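There are 2 protein chains.
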Amino acid sequence: MTTEEQILQTAEKLFLEKGFAMTSTTEIAKEVGCNQALVHYYYRTKENLFLQVFMQKVRLFITAFTEKSGANDDFFERLEKRICAHANMMEQNPNLPFLIMNELILNKKRRCMIRDYIVDNPMVRDIYYEFDKEIKDEIAKGVIKPIDTLDLLLNVLSLNVFIFVSAPIYTDILGRTDKEKQAYIAHRKKLVVQTILNSLKS
Amino acid sequence: MTTEEQILQTAEKLFLEKGFAMTSTTEIAKEVGCNQALVHYYYRTKENLFLQVFMQKVRLFITAFTEKSGANDDFFERLEKRICAHANMMEQNPNLPFLIMNELILNKKRRCMIRDYIVDNPMVRDIYYEFDKEIKDEIAKGVIKPIDTLDLLLNVLSLNVFIFVSAPIYTDILGRTDKEKQAYIAHRKKLVVQTILNSLKS
DNA sequence: GTCTATATAGTGATAGAC
DNA sequence: GTCTATCACTATATAGAC
Numbered sequence: 019m020t021t022e023e024q025i026l027q028t029a030e031k032l033f034l035e036k037g038f039a040m041t042s043t044t045e046i047a048k049e050v051g052c053n054q055a056l057v058h059y060y061y062r063t064k065e066n067l068f069l070q071v072f073m074q075k076v077r078l079f080i081t082a083f084t085e086k087s088g089a090n091d092d093f094f095e096r097l098e099k100r101i102c103a104h105a106n107m108m109e110q111n112p113n114l115p116f117l118i119m120n121e122l123i124l125n126k127k128r129r130c131m132i133r134d135y136i137v138d139n140p141m142v143r144d145i146y147y148e149f150d151k152e153i154k155d156e157i158a159k160g161v162i163k164p165i166d167t168l169d170l171l172l173n174v175l176s177l178n179v180f181i182f183v184s185a186p187i188y189t190d191i192l193g194r195t196d197k198e199k200q201a202y203i204a205h206r207k208k209l210v211v212q213t214i215l216n217s218l219k220s
Numbered sequence: 019m020t021t022e023e024q025i026l027q028t029a030e031k032l033f034l035e036k037g038f039a040m041t042s043t044t045e046i047a048k049e050v051g052c053n054q055a056l057v058h059y060y061y062r063t064k065e066n067l068f069l070q071v072f073m074q075k076v077r078l079f080i081t082a083f084t085e086k087s088g089a090n091d092d093f094f095e096r097l098e099k100r101i102c103a104h105a106n107m108m109e110q111n112p113n114l115p116f117l118i119m120n121e122l123i124l125n126k127k128r129r130c131m132i133r134d135y136i137v138d139n140p141m142v143r144d145i146y147y148e149f150d151k152e153i154k155d156e157i158a159k160g161v162i163k164p165i166d167t168l169d170l171l172l173n174v175l176s177l178n179v180f181i182f183v184s185a186p187i188y189t190d191i192l193g194r195t196d197k198e199k200q201a202y203i204a205h206r207k208k209l210v211v212q213t214i215l216n217s218l219k220s
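Chains X and Z supply the protein sequences, listed in that same order.
Going from the first sequence to this note's numbering is simple: count from 1 and add 18.
Going from the second sequence to this note's numbering is simple: count from 1 and add 18.
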């Protein structure tokens, strides 16, 4: 791996662990084993380096949520698969939801970047409209209780994100082992699906 | 108001807005209209000052959640009142859930402080056990579907906290006015209650 | 109690040697 | 491409004058 790639990879790790503000380019360089000037040689500014990591992660976050599932499943099976795909993506990147939330709340610039990325992205729009149509169909058929599509998405997002935000807190506060933490996550994943489906069934 | 109180109040405001790392004692002093040395004269360290704000807010956060309601309501009415009390507390302190989450995730020291506060606090324990008993009773009576008490609390917490974490993001990304933001919050509050109750009804 | 001044250390970023 | 050296800045915290 080139030094340039090592820097990006280490930056990703540290930004995910401690956020933008609390990670210094000096620290990144130290962990890579090179000089701090080299970080700026490749990426010029810390902000620049951060954005490369951040936007890639935002893309990952969104595409996982909009993942399509088998067409011959019924609605509840399809929804379950979508919820799980989203949770699995976060399980592989545990601090990702926190990083995104953190930066979006503390930094207006980031919110605007996301807006440009989401609202102007035809792919994202298409997937949303398709999902929206699907929901409206199922409501019309009387399969699920009436709900706004955005509300359903927000419910899933709330519950799923909170699994990974709460996991380290829960683990530390109750003095759990890493294995117990994994069990907590697995349990919560199942329960989120169950809660969402129960709230929809009519 | 004394200068000492002004400093504490300004610190509270800025810490809530921008978190610990991005708020400087210089900035606090400037906003109070005094010298930066004075902040340290009264509170010695920034960490100290932060903890005074933080722990007071954590107490507020927990006590709101454990608020008791009218005894002659049925279970669903009592639960609804509890969920609303918790949401209302956050509505009056919009950035509070974010601050708590943020500091707990980024800082292990803070997690340990909370542990000492929650786990060793008999009042908190009592309220939890009482709620737990109540849930188990209703399950036994067949009023609600079986669920672990901690899971129910986590579901409420997830959905409620996310209202206020998502509100500024939602508002900015979709270019909403402040009035529309209030409507979003009011709408989500209702929906959270509905989602939780629907998921419990058997 | 409030100020000025300052010690000390850390930051992001750049210039220039090799 | 990688380094050393350094600049300009900001931060927390303290010492000491008033």
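Ideal Cβ placement from N, Cα and C applies to all residues, glycine included.
Just so it is clear, the structure is predicted and the values come from calculations on it, not from any experiment.
Inter-residue Cα distance where the pair is residue i and residue j
i, j, result
"residue 195 of chain Z", "residue 37 of chain Z", "24 Å"
"residue 197 of chain X", "residue 205 of chain X", "12 Å"
"residue 105 of chain X", "residue 115 of chain X", "10 Å"
"residue 191 of chain Z", "residue 117 of chain Z", "21 Å"
"residue 70 of chain X", "residue 176 of chain X", "26 Å"
"residue 82 of chain X", "residue 145 of chain X", "12 Å"
"residue 59 of chain X", "residue 53 of chain Z", "39 Å"
"residue 162 of chain X", "residue 156 of chain X", "6 Å"
"residue 130 of chain Z", "residue 186 of chain X", "12 Å"
"residue 309 of chain Z", "residue 219 of chain Z", "Because chain Z spans 19 through 220 in this model, residue 309 of chain Z falls outside it and cannot be assessed."
"residue 160 of chain Z", "residue 108 of chain Z", "32 Å"
"residue 28 of chain Z", "residue 102 of chain X", "43 Å"
"residue 94 of chain X", "residue 74 of chain Z", "44 Å"
"residue 42 of chain X", "residue 179 of chain X", "27 Å"
"residue 134 of chain Z", "residue 62 of chain X", "44 Å"
"residue 80 of chain Z", "residue 212 of chain Z", "22 Å"
"residue 171 of chain Z", "residue 138 of chain Z", "19 Å"
"residue 35 of chain Z", "residue 84 of chain X", "32 Å"
"residue 210 of chain X", "residue 201 of chain X", "14 Å"
"residue 47 of chain Z", "residue 24 of chain Z", "10 Å"
"residue 132 of chain X", "residue 91 of chain Z", "45 Å"
Three-state class that DSSP yields for residue i in the structure shown
i, result
"residue 219 of chain Z", "strand"
"residue 162 of chain X", "strand"
"residue 42 of chain X", "coil"
"residue 130 of chain Z", "helix"
"residue 112 of chain Z", "coil"
"residue 150 of chain X", "helix"
"residue 28 of chain X", "helix"
"residue 52 of chain Z", "coil"
"residue 194 of chain X", "coil"
"residue 138 of chain X", "coil"
"residue 125 of chain Z", "coil"
Closer than 8 Å to chain X by CB, residue i
i, result
"residue 139 of chain Z", "no"
"residue 66 of chain Z", "no"
"residue 177 of chain Z", "yes"
"residue 39 of chain Z", "yes"
"residue 132 of chain Z", "yes"
"residue 203 of chain Z", "no"
Minimum Cβ-Cβ distance from residue i to chain Z less than 8 Å
i, result
"residue 120 of chain X", "yes"
"residue 190 of chain X", "yes"
"residue 46 of chain X", "no"
"residue 211 of chain X", "no"
"residue 186 of chain X", "yes"
"residue 111 of chain X", "no"
"residue 277 of chain X", "An answer regarding residue 277 of chain X cannot be provided, because it is not within the stretch 19 to 220 covered by chain X."
"residue 217 of chain X", "yes"
"residue 169 of chain X", "yes"
"residue 124 of chain X", "yes"
"residue 145 of chain X", "no"
Opening and closing residue of the alpha helix (DSSP H) in which residue i lies
i, result
"residue 91 of chain Z", "Run containing residue 91 of chain Z: none; DSSP gives neither H nor E here."
"residue 20 of chain X", "Run containing residue 20 of chain X: none; DSSP gives neither H nor E here."
"residue 189 of chain X", "167 to 191"
"residue 65 of chain X", "64 to 83"
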